[in-house]
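For reference, the structure discussed in these notes is given below.
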Amino acid sequence: MPPSGFSVTSYSVPSFVCYSSIVRWGILKMSWEWGAVVVAAGRGTRMGAADNKVYLELGGKTVLDYALDAFERCAVVSSIVLVVGEGETERAATIVAAGSYGKVADVIVGGAERQDSVYAGLGALRTQGVLVHDAARPLVSPEQIAACCAAAEDHGASALAVPVKDTIKVSDGQGFIVATPERSTLWSVQTPQAFGRLELMQAHRQAKEDGAAATDDAMLIERLGRKVAIVRGDYANLKITTPEDLPIAELLLDKWRRQS
Ligand SMILES: Nc1ccn([C@@H]2O[C@H](COP(=O)(O)OP(=O)(O)OP(=O)(O)O)[C@@H](O)[C@H]2O)c(=O)n1
Ligand SMILES: C[C@](O)(CO)[C@H](O)COP(=O)(O)O
Numbered sequence: 016m017p018p019s020g021f022s023v024t025s026y027s028v029p030s031f032v033c034y035s036s037i038v039r040w041g042i043l044k045m046s047w048e049w050g051a052v053v054v055a056a057g058r059g060t061r062m063g064a065a066d067n068k069v070y071l072e073l074g075g076k077t078v079l080d081y082a083l084d085a086f087e088r089c090a091v092v093s094s095i096v097l098v099v100g101e102g103e104t105e106r107a108a109t110i111v112a113a114g115s116y117g118k119v120a121d122v123i124v125g126g127a128e129r130q131d132s133v134y135a136g137l138g139a140l141r142t143q144g145v146l147v148h149d150a151a152r153p154l155v156s157p158e159q160i161a162a163c164c165a166a167a168e169d170h171g172a173s174a175l176a177v178p179v180k181d182t183i184k185v186s187d188g189q190g191f192i193v194a195t196p197e198r199s200t201l202w203s204v205q206t207p208q209a210f211g212r213l214e215l216m217q218a219h220r221q222a223k224e225d226g227a228a229a230t231d232d233a234m235l236i237e238r239l240g241r242k243v244a245i246v247r248g249d250y251a252n253l254k255i256t257t258p259e260d261l262p263i264a265e266l267l268l269d270k271w272r273r274q275s
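If you read the sequence shown in the working numbering, its first letter stands for residue 16, the second for the next number, and so on.
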């Protein structure tokens, strides 16, 4: 085990794999103040439920509860802005109060696209660093959140990701394969993703000006030619997207409950 008092901000971390170990060893010292934008303003169209999927129940709590709880328990994070759908503010505030999520400083209304919701959330924070997280990813851990912060302090920006397991094909849009990218270079990106708040705001403004749409925030930094470090995540940090994701999440939660 490395000596105590070791700080990732004053030591060159050789690879993404190291961040989670550093957090596990409990030797992390952060320089920036960190806030989080948790986006919950989607419709859950692919889930096909009557309700927004973040309010669906998982082991007695809502999907949203788990995401908020992980950020609440992460010592590195000082404040959270929760971004919700039109007409959902009261419901979300009730969940925040019932769960005693004291770090939630604001509950605000999001926009039509995820990108709009994140941008709305950024405007409500004042911290140097910002984490962006999907409320639809309930199985994130405080350690993974802290690992993202550490990597972003070292490299400017970071994102949790896992190596792709399947062989990925590119289609021609007509049902035929046109290419097979080299799998060893492919990562499936997750949230949280961590950035300097002002840099991310600038990247969002630039994207808006250019009419660029992005499905994650790292993409907005990449398109400016800046680097985003990969932080090795966990396959269990799945995004609740389609109906079969719910029983998988239940199984993982059950397993963790039995282990703790
Ligand atoms: N306008 C939007 C769209 C999405 N999100 C949030 O972004 C996260 C990831 O998006 P996704 O899984 O696509 O959620 P939905 O948009 O709800 O799902 P779908 O695309 O199936 O409608 C979710 O936590 C979702 O609530 C958001 O805050 N605002
Ligand atoms: C940000 C994200 O969760 C990374 O995997 C994902 O891109 C969100 O995309 P979606 O189209 O909103 O599901």
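Using N, Cα and C, we set each Cβ at its ideal position, and we do this for glycine too.
Inter-residue CB distance, residue i and residue j (contact presumed, cutoff 8 Å)
i: Q205; j: N252; result: 5 Å
i: L79; j: A150; result: 5 Å
i: L239; j: A218; result: 6 Å
i: L137; j: V52; result: 6 Å
i: G248; j: Q159; result: 6 Å
i: M45; j: P258; result: At roughly 38 Å, the Cβ-Cβ gap does not stay under 8 Å, so M45 and P258 are not in contact.
i: G74; j: E265; result: 6 Å
i: A56; j: V99; result: 5 Å
i: A82; j: H148; result: 6 Å
i: G126; j: A135; result: 6 Å
Check: residue i C-beta below 7 Å from any heavy atom of ligand 2
i: D260; result: no
i: Q205; result: yes
i: D249; result: no
i: D231; result: yes
Beta-carbon contacts of residue i that lie in its chain and below 6 Å, excluding the five residues immediately before and after
i: S27; result: Its pLDDT being 41, under 50, S27 is placed unreliably in this model, and the value from its coordinates should be taken loosely. So the list is empty, once near-sequence residues are dropped.
i: I236; result: A172, A218, V243
i: S25; result: Low per-residue confidence applies at S25: pLDDT is 33, beneath 50, and the placement is therefore not dependable, though the value from the model is reported in the following sentence. The answer is none, since no qualifying residue turns up.
i: E87; result: Y116, K118
i: L146; result: A51, P207, A209
i: Y250; result: V177
i: R106; result: none
i: V193; result: V185, D187
i: T256; result: R61
Cβ shell of residue i (< 8 Å), same chain only, five flanking positions each side left out
i: I263; result: L253
i: E48; result: S93, T142, Q143, G144
i: P196; result: I183, V185
i: T77; result: V69, Y70, L71, I110
i: W271; result: none
Neighbourhood of residue i by C-beta, 7 Å cutoff - its chain only, sequence neighbours within 5 removed
i: E72; result: none
i: V179; result: R198, L201, W202, S203
i: C89; result: P157, I160, A161
i: A85; result: V155, S156, P157, I160
Min CB distance residue i to chain B below 8 Å
i: R152; result: No chain B is part of this structure, which consists of one protein chain only.
*Would you list the residues whose beta-carbon is nearer than 7 Å to any heavy atom of ligand 4, in the order they occur in the chain?*
Ligand 4 is absent from the structure shown, which contains only ligand 1 and ligand 2.
*Could you say if the region 90-97 and the region 106-122 meet the contact criterion of at least three C-beta pairs nearer than 8 Å?*
A contact between stretches requires three or more CB pairs, one per stretch, nearer than 8 Å, and the region 90-97 meets this requirement with the region 106-122.
*Would you call the region 153-173 and the region 243-257 touching, i.e. three or more CB-CB distances under 8 Å?*
Three or more beta-carbon pairs separated by less than 8 Å link the region 153-173 to the region 243-257, which places the two stretches in contact.
*Using 8 Å as the Cβ pair cut-off and three pairs as the minimum, do the region 187-196 and the region 133-153 touch?*
At 8 Å Cβ cutoff, the stretches do not touch.
*asked:* Between the region 227-236 and the region 113-123, can you find at least three pairs of beta-carbon atoms closer than 8 Å?
replied: No: the two stretches stay apart, fewer than three of their Cβ pairs being nearer than 8 Å.
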